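Following: one structure in structure tokens, then a few remarks.
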Amino acid sequence: METTPAFALLLDVDGPIASPVTRTVQPEIIALLGELGAAGIPVVFNTGRSDEFIREQVMEPMLEAGMPEGLLVHAICEKGATWFSFTGQGAGPVHVDETLAVPRAYADDIRDLVAREYAEHMFFDETKRAMVSVEQHIGVPSEAYRAEQERFDAEAMAVMARHDLGVVRLDHHVPGSDDAVDYRVDPTIISTDIESVRLGKDLGASRACELLRRDGIVPAAWYTVGDSRTDYAMADWLHHNDHVVTHVDVRPADGVPTKPYEVLTAAYLGLEDDVIHDDAGLAFLRRWRDALALAD
1 METTPAFALL LDVDGPIASP VTRTVQPEII ALLGELGAAG IPVVFNTGRS DEFIREQVME
61 PMLEAGMPEG LLVHAICEKG ATWFSFTGQG AGPVHVDETL AVPRAYADDI RDLVAREYAE
121 HMFFDETKRA MVSVEQHIGV PSEAYRAEQE RFDAEAMAVM ARHDLGVVRL DHHVPGSDDA
181 VDYRVDPTII STDIESVRLG KDLGASRACE LLRRDGIVPA AWYTVGDSRT DYAMADWLHH
241 NDHVVTHVDV RPADGVPTKP YEVLTAAYLG LEDDVIHDDA GLAFLRRWRD ALALAD
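The sequence shown runs 1 to 296 under full-length UniProt numbering.
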């Protein structure tokens, strides 16, 4: 039997849900995710983070807070390369698309490079199953990390060339624009991801729709939420595939692009410009919870 909730949530994690400073999730955000799920709103995470990170920082706090019976949450991780679902009983199996994995020999070389030259500023993320990710240590100032990140990114590209893995470019791949590109180096404000160009938030959106269709759920509309330009790919894919979508940008400092769908920032809620990241995500979750309460 098919159900049509008023909307579904497709959520990036770093920024809108987890603080990019502490890498943890505010308890009120955890509570609101449970409330919205209990009200019948599908909650799907679409993140570059690993399944282990989602289990530890999102799933386990939701379980401790008490997940409503029957609530099923989907987590699409590593930009679509891995995914799993969880209920109040815990996590189901993790699915991995091995065709999207960075070659192990390259990952080994990057691990060695970080240990040898960059360990003071960043660490190799051992929890990734398909991507190679190197992340800023929490105690390292952003300015110091960014300087080292720029040098690391250049070396990561050089290592890729030595492995003869094709052209790597720092900008974001447009599907079909360059078939010779196999991998990309994608820097964020706290990490660098080295990944197949087939990965992205658009792939995550596609997987989200597949998972909800399997559950018999076809949302009337979507809210996508992110903190970077690459997160707009979620809403781009949904709009292109004839879904009604609104995108929420919780860190609009990079500029809000013109899109054929509505884009909201914290200013829409009457908040100041410095309300960003998980504080802005929290404000929108409150808004959606309150709107559902009024509808009832």
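Cβ coordinates follow ideal geometry from the N, Cα and C atoms, glycine included. These numbers were taken from a predicted model, which means no experiment stands behind them.
Asked                                                                                                                                                    : Found
Quick one: measure Cβ to Cβ for Ala233 and Lys201, integer angstroms, because I've assumed they're closer than 8 Å.                                      : 4 Å
With 16 as the cutoff for other CB atoms within 10 Å, does Ala208 come out buried or exposed?                                                            : buried
Kindly indicate which three-state DSSP category Ala295 falls into: helix, strand or coil?                                                                : helix
Take every Cβ of the region 54–68, pair it with every Cβ of the region 241–251, and state whether three or more of those distances are shorter than 8 Å. : no
Where does Gln57 sit, in a helix, a strand or coil, going by DSSP?                                                                                       : helix
Since Leu100 and Leu10 are thought to touch, with beta carbons under 8 Å apart, how far apart are those beta carbons, to the nearest angstrom?           : The pair is not a contact, with the Cβ atoms about 20 Å apart (cut-off 8 Å).
Near Ala6, what residues of its chain come up, given a Cβ to Cβ distance below 6 Å and the 5 sequence neighbours on each side ignored?                   : Ala220
Look at the alpha carbon of Arg162 and the alpha carbon of Ala156, and state the distance between them as a whole number of angstroms.                   : 10 Å
Based on Cα-Cα distance, which residue from Asp278, Val21, Asp12, Asp273 lies nearest to Gly139?                                                         : Val21
Would you report the Cα separation of Arg146 and Ile217, rounded to the nearest angstrom?                                                                : 42 Å
Who are His95's beta bridge partners in DSSP?                                                                                                            : Trp83
Do Leu36 and residue 344 come within 8 Å of each other at the CB atom, strictly closer than that value?                                                  : The first residue shown for the chain is 1 and the last is 296, placing residue 344 beyond what the model contains.
Give me the residue from Gly226, Gly66, Trp83, Arg111 with the minimum Cα distance to Gln89.                                                             : Gly66
In the structure shown, what three-state DSSP assignment does Leu203 receive?                                                                            : helix
Determine the DSSP secondary structure at Tyr223, reduced to helix, strand or coil.                                                                      : strand
Can you tell me which of the three DSSP states Gly66 falls into?                                                                                         : coil
Suppose contacts are defined by Cβ-Cβ distances below 8 Å. Is residue 318 in contact with Ala75 by that definition?                                      : Residue 318 lies beyond the stretch modelled for the chain, which goes from 1 to 296, so this question has no answer here.
Taking just the CA atoms, how far does Ala205 sit from Trp237?                                                                                           : 7 Å
Report buried or exposed for Ala235, applying the criterion of at least 16 other Cβ atoms within 10 angstroms of its Cβ.                                 : buried
Which of the three DSSP states is assigned to Phe284 in this structure?                                                                                  : helix
Let me make sure I understand the geometry here. Which of Arg213, Glu69, Asp125 has the alpha-carbon closest to that of Ile110?                          : Asp125
Can the beta-carbon of Tyr261 be found less than 8 Å from the beta-carbon of Val245?                                                                     : yes
By alpha-carbon positions, which one of Glu120, Ala107, Ala154, Asp182 ends up nearest to Leu165?                                                        : Asp182
Under 8 Å by Cβ, that's how I've got Thr192 and Gln149 pegged, so tell me the actual separation to the nearest angstrom.                                 : 6 Å
Assuming Gly226 contacts Asp249 (C-beta within less than 8 Å), just tell me the rounded distance between them.                                           : 7 Å
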